[in-house]
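Number of protein chains: 2
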Amino acid sequence: MARNSRQDATNKGTLTPRTVIEGALALSDAEGLQAVTIRRLARELGVTPMALYWHFGSKDELLDGVAASIFEEVDLSVDASASWREQLRALLGSMVGVLRAHSSAAILLSTRTVSSEGSLRATEVMLDIIRRGGFSPTEATQIARHALHTVTNLVGGEPGVVVREESGKLTDARQRARRFLESLPPERYPRLVEAAAPLSEGVDPDAYFAFGLDLLLAGIESMAARQR
Amino acid sequence: MARNSRQDATNKGTLTPRTVIEGALALSDAEGLQAVTIRRLARELGVTPMALYWHFGSKDELLDGVAASIFEEVDLSVDASASWREQLRALLGSMVGVLRAHSSAAILLSTRTVSSEGSLRATEVMLDIIRRGGFSPTEATQIARHALHTVTNLVGGEPGVVVREESGKLTDARQRARRFLESLPPERYPRLVEAAAPLSEGVDPDAYFAFGLDLLLAGIESMAARQR
DNA sequence: GTGCCACCTGTACGGTGTACAATCGTCAAG
DNA sequence: CTTGACGATTGTACACCGTACAGGTGGCAC
C-alpha cells in the first residue's frame, strides 16, 4: 500500500521528536516518571532504544523536551477586564491545572531551566501582569521566579496528596499515622496531638492547591501594598 | 591491640547506621546526591556494597535516614521574648541554613515524608508558633505544610543559583542568556527584553533566600491579619 | 544505476539496585 | 575448651539502566 513520503512520516510508523515526547509524557502520566526509561519508551514506540538517540542527544535532552511540551499547554489568555491579582491567579491556576494533569512529570519543571517558546511566552505574560501590579522589572523577576517555583513544587511533592479511589489500604495508613500521633506524650508534643486529625488526614487536592495559591498570592499582594 | 568490644564498635572499623548515614551525607555534600550510590558509598566506607543492606532494607530507607539526620541539625530554640512572626522567621531561617549546608541532599526532604524524632520536634515547634499567631489547628497544619515545603524547595532547585567562584564559564553562559533575551523581538516580548538583566543575572543566594522567606512570611502574616 | 544520507538496528560496556547463599568473628551455654 | 547461635559481612549473580560505536537500509537526487 501507500509508501511513507516524508510528509506523513508523522502519523505512521516513523519517529519524530514530537511522537517521542508525546510517548514519554503518556508513559509518565500512566506509570510515573521512573517508568520513562529509554528502553521502555523505545519498546512502547516499537523501536530500538538507540533510535531515540537520533532525535535527542541524550535522555536529559528528551526530558527537556517533555518539560517544554508541558509549558505549551498552559492557557496564557488574560482577562483584560480583571485586576492584575485576578489575572495572576488565573495564570497560576492554569499552570497548576496542567501540572496536575502531568503530576509525575511536574518535577521536571522545577529541576531544569526551560527556554522553549512556550516557556518564554508564559514568562512574558507573567512578568507583564506582575509589572502592572506596580513592581519594578527586578522585583517582578524575583516574584515570577518564586511563583513559578512555588507552583511547580506545589504539584511535585506533596506526601499526603497521594489519593486513590481504592480507599482501603491508604485509609489504613492514615489511621495508623493518626493513632501514632495521638499516642505521643501530650506534654511533649501538645500541638502534634492536637493536630493529629488534620495532619494525618488525606488532603483534598483541590483545597490543598487552592490554599497554596492563596498563600502565594497573599504574599505578593502584601508586598505590593507595602511598597509604593 | 585492643579488641573491639561491642561498645567501641562505633568508632573503629565496624559499620553502624549512623556511620553509613554520615558517610552518605558527606558524599552528597562533596560530590552531589548522584554520587551517593550503594557501591560508591560502600567503597568509601571500606566495605562491600551488600554490607549496607544489613543496616538498611533498601537505598530508599538509607536516604530516609539521611533526610532525618538533616532535620536533626535544625535549631529549634525559640526566643520567648520575640513575636510569633519573628520566631517563625528564625525557625524557617534556621531550616534554610541547614538545608543550604546540605543543598544536594535538600531535595530528599521535599520528596519523602520524614517521621523521625527530629522531624516531629520541628513540626511541633512550628505548629506551636503558628497556633500562637491565631490560627486553628487545621489552618496551622496547612500553613506548616506549605512553609516546610517552600523552605525545602527554595533550597532544592534554583537554576540561576549555581554559583561558582570560577566565574569564567558561567559568566559566559549568563552573557549568552542575556544577549539572547535582549535579542528577542521587543514588540512580542517587551517584558522579557526589559528584564533581560535580572533574568540572566546570577542571583545572590542570600538575597534569593531572604526574598523567598519574606514572600512566605508576608503571605502568612496577611492571612493572620485577614481572618480574626 | 549509483551514491548519498537520514534513519534505524545490533552489539557491547560500564554502571546501577539488590536477591541469595556462603563465610567469618564473637559470645553464651554445654 | 568446645560447640553452637547469631550478628555482620562478603561473593556471586541478575536484570536493568544510559549510551558509544559501527553497521545496515531504503528512498531520493543525479
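Protein chains in written order, with my numbering: chain Y, 78 to 305; chain S, 78 to 305. Built from N, CA and C at the ideal position, the CB exists for glycine as well.
Rounded to the nearest angstrom, the gap between the Cα atoms of Leu292 (chain S) and Ile220 (chain Y) is 8 Å. The C-beta of Gly233 (chain S) has 16 or more other C-beta atoms within 10 Å across all chains shown, which makes the residue buried. Cβ-Cβ distances below 7 Å link Thr229 (chain Y) to Leu176, Ala183, Leu186 and Ser187 in the same chain, with the five nearest sequence neighbours on each side left out; the list follows chain order. For chain S, none of the residues of the segment 114-136 of chain Y brings a beta carbon within less than 8 Å of one of its beta carbons. Within the same chain, Leu269, Val270, Ala273, Leu276 and Ser277 come within 7 Å of Leu258 (chain S) by CB-CB distance, once the 5 residues on both sides are set aside. Straight through space, the alpha carbons of Asp205 (chain Y) and Val202 (chain S) are spaced by roughly 40 Å. Glu216 (chain S) counts as buried, since at least 16 other C-beta atoms from the protein chains shown sit within 10 angstroms of its C-beta. In the displayed model, Glu150 (chain S) falls within coil according to three-state DSSP, outside both helix and strand. One thing to note: Ile147 (chain S) has its Cβ within 8 Å of the Cβ of His179 (chain S). Chain Y has a Cβ within less than 8 Å of the Cβ of Gly289 (chain S). C-alpha of Met127 (chain Y) to C-alpha of Arg120 (chain Y): approximately 11 Å in a straight line. Residue nearest to Val97 (chain S) within the set S:Leu110, S:Leu118, S:His223 and S:Glu108 is S:Leu118 (criterion: CA-CA distance). Leaving aside the five residues that flank Ile115 (chain Y) on each side, the residues in its chain whose CB is nearer than 7 Å to its CB run, in chain order, Pro126, Leu129 and Lys136.
With a threshold of 16 other beta carbon atoms within 10 Å, Asp249 (chain S) falls short and is exposed. Around the Cβ of Ala295 (chain Y), a 10 Å sphere holds 16 or more other Cβ atoms; the residue is buried. His226 (chain S): member of the alpha helix (DSSP H) spanning Pro214 to Gly233, first to last residue. In this structure Asp141 (chain S) is buried. Its beta-carbon is surrounded by 16 or more other beta-carbon atoms within 10 angstroms. When Cβ-Cβ separations below 8 Å define contact, Gly195 (chain Y) makes no contact with chain S. Taking a C-beta distance under 8 Å as the contact criterion, Asp106 (chain Y) and Ser181 (chain Y) qualify as a contact pair. For Tyr285 (chain S), the uninterrupted alpha helix (DSSP H) segment begins and ends at Pro282 to Arg303.
Along the length of the segment 110-138 of chain S, whole beta strand (DSSP E) runs at least 3 residues long do not occur.
DSSP, reduced to helix, strand and coil, places Pro262 (chain S) outside both helices and strands of the structure shown, so it counts as coil.
For Asp106 (chain S), the enclosing alpha helix (DSSP H) has its first and last residue at Pro94 to Glu108. Beta-carbon to beta-carbon, Val173 (chain Y) and Leu290 (chain Y) are separated by about 7 Å, close enough to satisfy the 8 Å threshold.
The Cβ of Asp205 (chain Y) sits closer than 8 Å to at least one Cβ of chain S. In the DSSP assignment, Asp156 (chain Y) falls outside any alpha helix (DSSP H) and carries neither an H nor an E.
Taken atom to atom, the span from the alpha-carbon of Trp161 (chain Y) to that of Ala167 (chain Y) is near 10 Å. Within 10 angstroms of the beta-carbon of Thr227 (chain S) lie 16 or more other beta-carbons, which makes it buried.
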